[in-house]
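Have a look at the structure below before the remarks.
Number of protein chains: 2
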Amino acid sequence: MADPERTYHVNGELCPASEATVSVRDRGFMYGDAIFETLRAYGGDIFRWDEHAERLHNSAARLELEHGLSSATLRDRIDETLTANSLDDAYVKCSITRGVQPGKLTPDPVTDPTVVIQVAPLPRGGISGTQPWEGPATLQTVKTRRISDTAIPSNAKTHNYLNGILARLELRPTDADEAIMRDQEGNLAEGSTGNLFFVRDDSLCTPSLSGPVLPGITRSVVLELAAAEGIPTRVDAFDIDDLHRASEAFVTNSTWEIRPVDTADGIAIGSGPVTALLRRLFSKLVEEECYR
Amino acid sequence: MADPERTYHVNGELCPASEATVSVRDRGFMYGDAIFETLRAYGGDIFRWDEHAERLHNSAARLELEHGLSSATLRDRIDETLTANSLDDAYVKCSITRGVQPGKLTPDPVTDPTVVIQVAPLPRGGISGTQPWEGPATLQTVKTRRISDTAIPSNAKTHNYLNGILARLELRPTDADEAIMRDQEGNLAEGSTGNLFFVRDDSLCTPSLSGPVLPGITRSVVLELAAAEGIPTRVDAFDIDDLHRASEAFVTNSTWEIRPVDTADGIAIGSGPVTALLRRLFSKLVEEECYR
Chain E
10 MADPERTYHV NGELCPASEA TVSVRDRGFM YGDAIFETLR AYGGDIFRWD EHAERLHNSA
70 ARLELEHGLS SATLRDRIDE TLTANSLDDA YVKCSITRGV QPGKLTPDPV TDPTVVIQVA
130 PLPRGGISGT QPWEGPATLQ TVKTRRISDT AIPSNAKTHN YLNGILARLE LRPTDADEAI
190 MRDQEGNLAE GSTGNLFFVR DDSLCTPSLS GPVLPGITRS VVLELAAAEG IPTRVDAFDI
250 DDLHRASEAF VTNSTWEIRP VDTADGIAIG SGPVTALLRR LFSKLVEEEC YR
Chain A
10 MADPERTYHV NGELCPASEA TVSVRDRGFM YGDAIFETLR AYGGDIFRWD EHAERLHNSA
70 ARLELEHGLS SATLRDRIDE TLTANSLDDA YVKCSITRGV QPGKLTPDPV TDPTVVIQVA
130 PLPRGGISGT QPWEGPATLQ TVKTRRISDT AIPSNAKTHN YLNGILARLE LRPTDADEAI
190 MRDQEGNLAE GSTGNLFFVR DDSLCTPSLS GPVLPGITRS VVLELAAAEG IPTRVDAFDI
250 DDLHRASEAF VTNSTWEIRP VDTADGIAIG SGPVTALLRR LFSKLVEEEC YR
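Sequence lines, in order, name chains E and A. Positions 10 to 301 (our numbering) are the ones given, in order, by the first sequence. Positions 10 to 301 (our numbering) are the ones given, in order, by the second sequence.
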């Protein structure tokens, strides 16, 4: 069951995690007809809340899921949940579904969305603390391709997560712990839960958002930091050979922040000065923005 | 909320529909990490149970969702639910999720799957009864393309249904009530909730399963009936022009059975002798198999 010690927030009310449920008729359960954001709380503050709120807004627009909740209301509920759990440093997941509607696939206008906030303690890793990942990532290119933008827009963050799960299942017979997914044309897209960066010829490279790539908040922060530091960046189409020949690589998401890569398809890549610098700059930014 | 008069079946127990819930940590809710079948009960019997049980088994295999429940157990639960609701003619949805697992995307072996059976009254339409659809379908080709087999296998029936929902959302500004979805190459695939058939040059045509097409049980029954009746069939790749020039068309799924098509992209198509014959044969088959 859900962590019995935690308090979640469901439809405007705090409740014990063990009692946090949704109807089996909820469209979030029946169809994954839901949007979400994964956030980090540092020192009781939400890192880059505005960007997350904007992406949630965009996800809702893509799905025409007009839930009617303001960003301020959502933020209040998140803060309330953190307070109820006495958590300053935490993982936060905020989901909004189209709720329970009459039994047909075509959605009705949303009159009663389901809003769920889950939290879990997650100490800040920073540079030298305990990281939320077990060591650097070992990557494996998988056969499962990223869903094309023409089928589900990749800039919507939704509860339809089987594509990434199928990618992770391919890792079962391997030693790898993160999948590298390509688009239909064979270009690098992203990991199953994060964006991909690598260093080649002294440039920081990451697949462009013109492919089926989630516009990660951590991804944009990393690009921002690199620009400010004068690190040359290439946001472009890349293939698997580009990654294999990289001198450094890392994967990013809000939970992991910047997670170095050890190997890709068995090829040693490892960390290096660019990764180390960006991790240091990221940590400093978190301190500046959240621990004022 | 769910229909308060109904009784559902959740994790081995009958319960009022209003109390049928899953944890917000259930992978079915968080990721749509779940498989399902939609079934019809006629006269208290499940039409083509063996085929549905086999497809559910295949969906589980594709997702490596080893739930450990036998077909007989599932069938017992379905029968129990129908009895508890005093329903002979009904819609039945049977879902199995990977359950609640520790908070990471990579699935653990399934130790405690969530099994949900929902039912609703659905009188048999037959030839002259009240149909579960409101008149013949008006089809509209949509921009949303079917998810490629390389991203999510189309022969797995899962709770990741946003692709079909996005297709239905495109119909909002139109008069159409079913979307025609194409594959990435532009070939006809299927509707958002059913398979597509049409008649051209006296042949019954339907897109081949080599495209991203769900192997519908009603689809296979229709092909079986056509073969037995000596109706020439073409199971192949088709484009939208083939449909536009059809003399008859219909869409199939377990709920709708055979639903005639009125128009496609505003072009009049309508029913005809092949559709009428197949509907009659289908109805006779249901009588023979379920009302013995």
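Using N, Cα and C, we set each Cβ at its ideal position, and we do this for glycine too.
Option nearest residue i by Cα separation, candidates the options
{"i": "residue 158 of chain E", "options": "E/221, E/124 and E/134", "result": "E/221"}
{"i": "residue 41 of chain E", "options": "E/105, E/300 and E/49", "result": "E/105"}
{"i": "residue 18 of chain A", "options": "A/129, A/97, A/193 and A/116", "result": "A/129"}
{"i": "residue 241 of chain E", "options": "E/227, E/232, E/89 and E/163", "result": "E/232"}
{"i": "residue 112 of chain A", "options": "A/36, A/297 and A/77", "result": "A/36"}
{"i": "residue 172 of chain E", "options": "E/131, E/99, E/201 and E/301", "result": "E/201"}
{"i": "residue 255 of chain E", "options": "E/215, E/278 and E/229", "result": "E/278"}
{"i": "residue 93 of chain E", "options": "E/118, E/24, E/45 and E/62", "result": "E/24"}
{"i": "residue 267 of chain E", "options": "E/300, E/169, E/165 and E/133", "result": "E/133"}
{"i": "residue 97 of chain A", "options": "A/59, A/116, A/210 and A/50", "result": "A/50"}
{"i": "residue 291 of chain A", "options": "A/247, A/84, A/237 and A/152", "result": "A/237"}
{"i": "residue 63 of chain E", "options": "E/225, E/16 and E/193", "result": "E/225"}
{"i": "residue 61 of chain E", "options": "E/84, E/269, E/186 and E/300", "result": "E/84"}
{"i": "residue 103 of chain E", "options": "E/118, E/78 and E/95", "result": "E/78"}
{"i": "residue 14 of chain E", "options": "E/212, E/88 and E/95", "result": "E/95"}
{"i": "residue 246 of chain E", "options": "E/39, E/214, E/152 and E/276", "result": "E/214"}
{"i": "residue 185 of chain A", "options": "A/151, A/194 and A/193", "result": "A/151"}
{"i": "residue 22 of chain E", "options": "E/211, E/265, E/88 and E/114", "result": "E/88"}
{"i": "residue 191 of chain A", "options": "A/210, A/239, A/16 and A/163", "result": "A/163"}
{"i": "residue 219 of chain E", "options": "E/193, E/212, E/211 and E/276", "result": "E/193"}
{"i": "residue 298 of chain A", "options": "A/20, A/26, A/59 and A/16", "result": "A/59"}
{"i": "residue 203 of chain A", "options": "A/211, A/223 and A/209", "result": "A/223"}
{"i": "residue 282 of chain E", "options": "E/211, E/265 and E/276", "result": "E/211"}
Whole-number beta carbon distance between residue j and residue i, since they are thought to touch under 8 Å
{"i": "residue 75 of chain E", "j": "residue 69 of chain E", "result": "7 Å"}
{"i": "residue 198 of chain A", "j": "residue 149 of chain A", "result": "The Cβ separation is near 14 Å, so there is no contact."}
{"i": "residue 155 of chain A", "j": "residue 176 of chain E", "result": "Not really, about 19 Å apart at Cβ, beyond 8 Å."}
{"i": "residue 205 of chain E", "j": "residue 260 of chain E", "result": "6 Å"}
{"i": "residue 284 of chain E", "j": "residue 147 of chain E", "result": "No, residue 284 of chain E and residue 147 of chain E are not in contact; Cβ-Cβ is about 15 Å, not under 8 Å."}
{"i": "residue 252 of chain A", "j": "residue 207 of chain A", "result": "5 Å"}
{"i": "residue 257 of chain E", "j": "residue 280 of chain E", "result": "6 Å"}
{"i": "residue 183 of chain A", "j": "residue 126 of chain A", "result": "In fact, because the Cβ distance is near 35 Å, the residues do not count as touching under 8 Å."}
{"i": "residue 48 of chain A", "j": "residue 263 of chain A", "result": "6 Å"}
{"i": "residue 287 of chain E", "j": "residue 235 of chain E", "result": "7 Å"}
{"i": "residue 169 of chain A", "j": "residue 67 of chain E", "result": "Residue 169 of chain A to residue 67 of chain E, Cβ: 20 Å. No contact."}
{"i": "residue 165 of chain E", "j": "residue 86 of chain E", "result": "The pair is not a contact, with the Cβ atoms about 21 Å apart (cut-off 8 Å)."}
{"i": "residue 136 of chain A", "j": "residue 116 of chain E", "result": "The pair is not a contact, with the Cβ atoms about 32 Å apart (cut-off 8 Å)."}
{"i": "residue 167 of chain A", "j": "residue 44 of chain A", "result": "6 Å"}
{"i": "residue 65 of chain E", "j": "residue 100 of chain E", "result": "Actually they are not in contact, since the Cβ atoms of residue 65 of chain E and residue 100 of chain E sit about 16 Å apart, beyond 8 Å."}
{"i": "residue 196 of chain E", "j": "residue 248 of chain E", "result": "6 Å"}
Residue i in three-state terms, based on DSSP
{"i": "residue 104 of chain E", "result": "strand"}
{"i": "residue 295 of chain A", "result": "helix"}
{"i": "residue 10 of chain E", "result": "Any answer about residue 10 of chain E is weak, because its pLDDT of 46 lies below 50 and its placement is not dependable; what the coordinates show is given next. In this structure, residue 10 of chain E counts as coil in the three-state DSSP scheme."}
{"i": "residue 87 of chain A", "result": "helix"}
{"i": "residue 288 of chain A", "result": "helix"}
{"i": "residue 282 of chain E", "result": "helix"}
{"i": "residue 259 of chain E", "result": "strand"}
{"i": "residue 123 of chain A", "result": "strand"}
{"i": "residue 19 of chain A", "result": "strand"}
{"i": "residue 272 of chain A", "result": "strand"}
Near the ligand NAD: residue i beta-carbon under 7 Å from a heavy atom
{"i": "residue 141 of chain A", "result": "Absent from the structure shown: the ligand NAD. Ligands present: none."}
Meets three-Cβ-pair contact criterion under 8 Å: the stretch 51–58 of chain E and the stretch 111–127 of chain E: Counting Cβ pairs under 8 Å, fewer than three are found: no touch.
Those runs of the beta strand (DSSP E) which lie wholly inside the stretch 205–257 of chain A and span at least 3 residues: Whole beta strand (DSSP E) segments, 3+ residues: 212–216 and 242–245.
Whole runs of the beta strand (DSSP E) within the stretch 24–79 of chain A, excluding any shorter than 3 residues: The qualifying runs are 30–32 and 43–51.
Residue ranges of each beta strand (DSSP E) within the stretch 138–197 of chain A, 3 or longer: Counting only runs of 3 or more, we get 146–150 and 187–191.
Contact the stretch 134–143 of chain A vs the stretch 135–154 of chain E: 3+ CB pairs below 8 Å: The stretch 134–143 of chain A vs the stretch 135–154 of chain E: no contact.
The stretch 27–37 of chain A contacting the stretch 106–114 of chain A, beta-carbon criterion three pairs below 8 Å: Contact between the stretch 27–37 of chain A and the stretch 106–114 of chain A is present, because at least three Cβ pairs lie under 8 Å.
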